[in-house]
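**Q** Quick one: structure below, then a few questions.
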Amino acid sequence: MKNQIVKTEGLKKYYRLGENTVKALDGVDFTVKEREFVAIIGRSGSGKSTLLHMIGGLDTPTAGEVYVDGRKLSGMNREQLAVFRRRKVGFIFQNYNLVPDLNVYDNVVLPVELDGKRVDRKYVGEILELLQLETKLEALPGMLSGGQQQRVAIARAVAAKPGIILADEPTGNLDTASGHDVMGLLKVAAKQFQQTVILITHDRDIAQMADRIVHIEDGRIVKAGDFHAGK
Amino acid sequence: MLANNNRGIIRRMAKSALKNNRGRNLIVFLAILLSAFMLFSIFTVGITYFKMNRIQNIRLNGGEYDAVMYGITEEQREKCESDSEIKTTGTVAVSGYIESTGNDSTVDASCIWADETYWNEIMAPARDWVKGKYPSAENEVMMTEEGLQAAGLEGLGIGDTFTAGYRDGEGSLITKEFTISGLWDGYGVKSALYVSEAFYEASGYDISEVRCGRYYLDFDRWIMTADEQNAFTESLNLGKQQALYFTGNMGYSLPVFLGLGGLIFVTCLCAYLLIYNIMYLSVAGNVRYYGLLQTVGMTGTQIRALLGRQMTLVGGAGITAGILLGSAVSFVLLPSVIRALGIRTGTAGAVEVTFQPAVILLTVLFVAFTVYVGSRKPVKLAVSVSPVEAAGYRPVYGGNPGGRTKAKAAKRHRRGRRGSVVFRMALDQIRKDKKKSAVIMVSMAAGLSVFLCMSTILESQAARTIVTNHMNTDLVISNDTLKKEDPAEHKDLITEDFLSELTGISGVETVYPMIYGQITVPWEPDFAEMWMKEFYAMWMDIPYENEREEYQQYPENFGSVIVGISREELPYLQEVTDMEIDTDAFLSGETCVIYRNGLDLTSEDVVGKNVTCAEYGHSENQRTFQIAGMTNEGYYIGPVLGFPPTVIVCATAVEEFVSDYSVFQAGVKYTREYDEETENEILSLIQSSPDARDFSWESKLESLREVERAQGSMPQIGAGIALILALIGILNYVNTVTGNIQSRQMELAVLESIGMTDRQRNRMLVTEGMIFAAGSLFITGTVGVAVTYAVYQSMNYMLVPFEVPAGPVVGMTVFIIAVCAAVPLLAGAKMIRKGSVVERIRGMSGA
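Respectively, the protein sequence lines represent chains A and B. First residue of the first sequence? That's 1 in full-length UniProt numbering, and the numbers climb one at a time after it. First residue of the second sequence? That's 1 in full-length UniProt numbering, and the numbers climb one at a time after it.
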């Protein structure tokens, strides 16, 4: 039986906007099992990205707890959170967010190098080959297409062998074909390197590729199903 | 086509943009204010500095003139008077030397006649006050209170008379009763007695003689190159004895002018870079907004007008505030500073900071132009970017990563594998836009170089540096009686007892006594003949041939002196002698050094030759020395300067050779330089002597005070300029780096999101700062030092050796390293406080 790798308890995130309080997350209880591929879907402003950022330790909750691999994030300071992110989590953003001055190879191995570890060239080579980037190693992000940049982002996310990949609208800036390509590669990579994926999207087609889809609306999980279990 | 009247909406939008972007506009406003303030202050302080420099020269020269000629012929005078480039000419004639008064038998003061132009125009700016009138009768004199005191006549005033013995042009000693017709004070030769034209005419001196005539020239121009000066000198057909000297101000006017021009240029460059960087960063950071305006239908012209209006409002306010601030500092604070430093306003030599409309105009024009040029590129960017591109625009600090070639990228990749990832990323950041990085480094280096240049010049031209005595001793005590022509009046004042008492004073480190004896140099066909021939050609009006016979037969009529120095003083004599002296030969009394006395003889002419000396009055007692070298050091002249050479040997040689020798002067070195207490003790010792009046001394401490007084607040103002310029360079760095970090906040947030810790980010930012610091210091240490050297040498009319001051350099280095490390750290910390990683990523990406 698979273990729970992510767990949130009564997670709340409120923002003050003028005189109003915006409830981005309003008591979310949510779990993800190891090597599971979960898609979180919801409308714009529903709180799905906020949830992802809480899980990744990028943002702090107003109330509630986040546990990743059994560790409570709220007890960690900035330094510990940074180390947690580079060891446990791989991020994929809609805007790719690659470092523009570093070439493909340097971008991919950046989290490993930041951790002061020796780069496992064989492992990185496998990732790059899988993501069809082996010919682009020395290219700078600005020289690549959107799809290629997102593949670099995926490679970077898996390079440090994190347990969880958090993908925030990874296909949002891509055309349909490229989007499906990237998703396919993400799924293959996650499976090959035994990683858990939490994906955010508002594209139902993309979400269909996940093991499980979670609906979020107005900061609450309204429907969590195992729609495609076994897929 | 009729233009749409859209001024109203543009005005409203500009106003609302200003209101909504208060923070950004405040930075731009402050940048413009600061630049306008700096330029205004530099111009104003620069002008004040220049004025004070001129005043300093007037004070040091004792008058306002550009050149002085020794001896003047009628033909030369006519030429100068008809020269349209010469504004004023004034004549001064040395008309005798006072040797004694009723109260002091060892007075050393010259009688000078000054013509009307010299007294009323050239000398006037150097005088503080005049009481009475310039002498007209033959027995009238004009003096300073200091001069009266030096001649033992303190307490006398206008209308009082005194008797003095003076030597006229024929060499006769005349006793005369003088009446004081006036008193003055100020700068110049204060011991002199200004006499009437009638006195001069009866004196036996003639202004055509080099020993008498001084012709002062004030040119009607600021700048005169060395070539022009040489051409002018040549056009006067100077005689062999005549000389024309340009003052420091005129002689070095072009380099000084160029130096000031360079200073203003560097200031302007720094200010331009500061404004440009801020404007670029502020407008570039808002390009998305202008893209959106295009989306809703705003034309390029309207965007230009909108930005133009914003810049006009912010720029206008910044310039006005900057000038007001500059005015407050320049006109309110500066005079107070000058007054506090003891400069008297309203009298000769006073400096008042005056209203300079040109400075305001120049400041406005420059800053306005800079604002215009600085915002042109960003405006162009805002106008040219398409609405779609604008929506996705992310300000990137310089460069265009997408524009790089694969080869370059590959090269970067290969290079990039060395060192830690943090260091590589820091280095990449610098290399990313080499031009921009170079601009920051150059901008900082420019400020630092000016600081270096100014501190080097200020340090080297500081009173402490330019005031030096012989061998850098603190006090040189002389026995004035030995200058008397009549040996009967000679007294042995610096005796063994006096010297031991002197040495016994606790603050005295070393005493260097110098002895002398009177000698003759009998004629011989080789050296003596050559020397006398050259001496007459250079200094005398009568040909040597007329006097050779007398010299051959009666050498005692051509007396000279032999000077004996201590063993401790030999290293210094070596320094000022043009040939290597064999120490053993010199100390054993075999060799000597000759004082050159301004003759055109070279060492090759004399070294190796023998000079034979005979004891004065005992011609049979002769001794021959081989000449080891020549020196121009006037300290070794001895109490009198004869026609034959002054022979410098070791003290024991003098003691062995002549029976009648005595100490004529002694240099005193204190344990602590400029020690007032020790000096007072020595002066008390002198005053306790019954012959106190017959002593004279040159005090380094007194000279220091005099030079400090003459320099006024110049060093402080110079230091102010240097600090302001260094501040501009640093501000530019601060602005650029904070702007850079601001524009990189998304990139930094991304790095944070993938696990870069605060410590790693700080290390990266500090490394970047250190690279900037190292680059700036490297440029300052190479180009800056070279420029400083060139500027220094062009202004170094005091011929002070070039030396970079260690204190300011170390201070500057530490300060720049601290600033370069602290600024990115603080900017990074400020960025973190702005919001969480997510907010920062969102804030920039708009996701």
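Backbone N, C-alpha and C fix where the C-beta goes; we use that ideal spot for every residue, glycine too.
(1) Confirm, please, whether the CB-CB distance from G62 of chain B to Y215 of chain B is below 8 Å.
(2) Judging by CA-CA distance, which residue of B:Y97, B:K377, B:P645 and B:A114 is the nearest neighbour of N610 of chain B?
(3) Spatial neighbours of P639 of chain B within its chain, please: CB distance less than 6 Å, with the 5 preceding and 5 following residues excluded, ordered by chain position.
(4) Compile a chain-ordered list of the residues in the stretch 429–446 of chain B whose CB is closer than 8 Å to at least one CB of chain A.
(5) Closer than 8 Å, Cβ to any Cβ of chain C: which residues of the stretch 56–83 of chain A, in chain order?
(6) Does any CB atom of chain B fall closer than 8 Å to the CB of F91 of chain A?
(7) According to DSSP, is F30 of chain A helix, strand or coil?
(8) Helix, strand or coil: which one does DSSP assign to C613 of chain B?
(9) Determine, using beta carbons only, whether R759 of chain B comes closer than 8 Å to chain A.
(10) Would you call the stretch 578–593 of chain B in contact with the stretch 611–631 of chain B, where contact means no fewer than 3 C-beta pairs closer than 8 Å?
(11) What's the gap between the Cα of M425 of chain B and the Cα of G116 of chain A?
(12) What do you get for R118 of chain A, buried or exposed, if any count of 16 or more other CB atoms within 10 angstroms of its CB means buried?
(13) From the beta carbon of P100 of chain A, is the nearest beta carbon of chain B less than 8 Å away?
(14) Return the bridge partner residues of D168 of chain A from the DSSP annotation.
(15) Closer than 6 Å by C-beta to I817 of chain B: which residues in its own chain qualify, once you throw out the five before and the five after it? Chain order, please.
(16) Please state if the CB of G96 of chain B and the CB of R167 of chain B are separated by a distance shorter than 8 Å.
(17) Can you confirm whether R156 of chain A, when its beta carbon is compared against all beta carbons of chain B, has any partner nearer than 8 Å?
(18) Give me the chain B residues within the contact set of residue 293 of chain A, using Cβ-Cβ distance strictly less than 8 Å, ordered along the chain.
(19) Could you check what DSSP says for S699 of chain B in three-state terms: helix, strand or coil?
(20) Please identify the residue among B:F232, B:R221, B:V210 and B:D218 whose C-alpha is closest to the C-alpha of G239 of chain B.
(21) Can you tell me whether F498 of chain B is buried or exposed, with buried defined as 16 or more other CB within 10 angstroms of its CB?
(22) E459 of chain B to Q242 of chain B, Cα distance in whole Å?
(23) Give the interface partners of E747 of chain B over in chain A, defined as CB-CB distance under 9 Å, in chain order.
(24) For residue 241 of chain A, decide whether its Cβ has a neighbour in chain B, counting only Cβ atoms nearer than 8 Å.
(25) Assuming V809 of chain B contacts L452 of chain B (C-beta within less than 8 Å), just tell me the rounded distance between them.
(26) Just the Cα atoms here: how many angstroms apart are A126 of chain B and E64 of chain B?
(27) Name, in chain order, the residues that DSSP records as bridge partners for L479 of chain B.
(28) Short of 8 Å in beta carbon distance, which residues of its chain neighbour L156 of chain B, apart from the five on each side in sequence? Order them along the chain.
(29) What residue does the alpha helix (DSSP H) around T652 of chain B start on, and which one ends it?
(30) Could you pull the DSSP bridge partners for I319 of chain B from this structure?
(31) Could you check what DSSP says for T456 of chain B in three-state terms: helix, strand or coil?
(32) Quick one: Cα of H202 of chain A to Cα of L58 of chain A, how far?
(33) Taking F535 of chain B as the reference, give the member of B:Q552, B:S603 and B:G642 with the closest Cα.
(34) Which residues does DSSP pair with W523 of chain B in a beta bridge?
(35) Is the distance from the Cβ of E138 of chain A to the Cβ of Y105 of chain A below 8 Å?
(36) For A382 of chain B, is the classification buried or exposed, using 16 other Cβ atoms within 10 angstroms of its Cβ as the cut-off for buried?
**A** Considering the structure as presented:
(1) No, these two residues do not count as a Cβ contact at 8 Å.
(2) Answer by Cα proximity: B:P645.
(3) So the list reads L482, K483 and F664, once near-sequence residues are dropped.
(4) Correct list: Q429 and K432.
(5) Absent here is chain C; the protein component of the structure consists of chains A and B.
(6) Interface annotation, F91 of chain A: in contact with chain B, CB-CB separation under 8 Å.
(7) Under the three-state reduction of DSSP output, F30 of chain A falls in the strand class.
(8) Looking at C613 of chain B - three-state DSSP - the assignment turns out to be strand.
(9) Yes, contact with chain A.
(10) With a cut-off of 8 Å, the stretch 611–631 of chain B and the stretch 578–593 of chain B count as touching, because enough Cβ pairs lie within range.
(11) M425 of chain B and G116 of chain A: Cα-Cα distance of roughly 14 Å.
(12) Its Cβ having fewer than 16 others within 10 Å, R118 of chain A is exposed.
(13) Flagged as an interface residue toward chain B: P100 of chain A, by a C-beta distance shorter than 8 Å.
(14) DSSP lists A:I200 as partners of D168 of chain A.
(15) Same-chain partners within the cutoff: A773.
(16) Judged by their CB atoms, R167 of chain B and G96 of chain B are nearer to each other than the 8 Å cut-off.
(17) Yes, contact with chain B.
(18) Only positions 1 to 231 of chain A appear in this structure, which leaves residue 293 of chain A out of reach.
(19) The answer is strand: DSSP assigns S699 of chain B an E or B state.
(20) The shortest CA-to-CA distance from G239 of chain B to any of B:F232, B:R221, B:V210 and B:D218 is the one to B:V210.
(21) Buried.
(22) Here the alpha carbon of E459 of chain B sits roughly 35 Å from the alpha carbon of Q242 of chain B.
(23) For E747 of chain B, the C-beta contacts it makes with chain A under 9 Å involve N97, V99, P100 and D101, in order along the chain.
(24) This structure gives no information on residue 241 of chain A, because the portion of chain A shown stretches from 1 to 231.
(25) Contact flag correct, Cβ pair sits at about 7 Å.
(26) Cα to Cα, A126 of chain B sits roughly 7 Å from E64 of chain B.
(27) Reading the sequence as shown, one finds Asn at residue 479 of chain B and not Leu. Answer is B:F695.
(28) Excluding the 5 residues flanking it on each side, L156 of chain B has same chain C-beta neighbours closer than 8 Å at L148, F162 and I180, in chain order.
(29) Taken as a continuous stretch (DSSP letters only), the alpha helix (DSSP H) holding T652 of chain B covers A651 to F657.
(30) Beta-bridge pairing links I319 of chain B to no other residue.
(31) Three-state DSSP puts T456 of chain B in a helix.
(32) If I take the Cα positions, the gap works out to 21 Å.
(33) Comparing alpha-carbon positions, the option among B:Q552, B:S603 and B:G642 lying closest to F535 of chain B turns out to be B:G642.
(34) Answer is none; W523 of chain B lacks a bridge partner.
(35) Yes, these two residues count as a Cβ contact at 8 Å.
(36) Flag for A382 of chain B reads buried.
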